[in-house]
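**Q** My numbering puts the first residue of the sequence shown at -12, with every later residue one more than the last.
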Amino acid sequence: MKKFRIPQEVQVEDRIFGPITMHRLIILTIGGGITYMLYIGTQNSGFGVWFPLVFVFGSLTLALAFLEPFGMRFHKFLARAIEFFTLPRLRLWDKRYSQDMLFLYIRYTSQQWKKLKSQKVPEIEVYNLKKSQKEKVSDLLTVLSSDLVDFSDESIQKYRNAHKKNMKNKNK
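(1) Considering only the alpha carbon of each residue, which of A68, G45, S46 lies closest to P160?
(2) Taking a contact to mean a Cβ-Cβ separation below 9 angstroms, would you say H62 touches L51 in this structure?
(3) Kindly indicate if chain D contains any beta-carbon less than 9 angstroms away from that of L51.
(4) Does the Cβ of I17 have 16 or more other Cβ atoms within 10 Å, making it buried, or fewer, making it exposed?
(5) What are the partner residues of F4, as DSSP defines its beta bridges?
(6) When burial is assigned at 16 or more other CB atoms within 10 Å of the CB, is I14 buried or exposed?
(7) First and last residue of the alpha helix (DSSP H) that includes P56?
(8) Work out the CA separation of L74 and I27 for me, nearest whole Å.
(9) Please list the terminal residues of the continuous alpha helix (DSSP H) segment that includes K63.
(10) Have a look at T22 and F44 and give me their C-alpha separation to the nearest angstrom.
(11) Check this for me: beta carbons of E0 and T8, under 9 angstroms apart or not?
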């Protein structure tokens, strides 16, 4: 019987030369080309004009190619940082909507929240749902069945009781 060698580290990028991978080589080529075009376009303007431009774009190219903060590539890190600072971080829980749609996590700006709050949301009836949807509601109610949520409203109590009946029927 023949023995075959199985590659062990398939998630590691292939190296072209030293620490240079194909991804880094492409970034360095494009960034180097842009930096060189900036140099050619501004070399007659004097050292004080072309050097800062070339230095900034060269540094950005090297950062994009070689820096890996928190184990992720630098362009992904920049994209996530921009997303963090631009997207709203407002999380709201409105008991009125918990009765209707069981909102767990809402990510809206305050203006969008005011518009949403003024709309009437139809009530979900557990008994008219398909089997797969009932399972999803059942899973959601498993999360909600902890003591962290106030179940004083009748509609929430109805969902909780329906979930308990479903769990008893499954256990039989």
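Idealized CB from N, CA, C, for every residue including glycine.
**A** So, from the listed chains and residues:
(1) Since the first and last residues shown for the chain are -12 and 159, residue 160 lies out of range.
(2) yes
(3) No chain D appears in this structure, which consists of one protein chain only.
(4) exposed
(5) I7
(6) buried
(7) Here P56 belongs to no alpha helix (DSSP H), and DSSP marks it neither H nor E.
(8) 39 angstroms
(9) 61 to 73
(10) 6 angstroms
(11) yes
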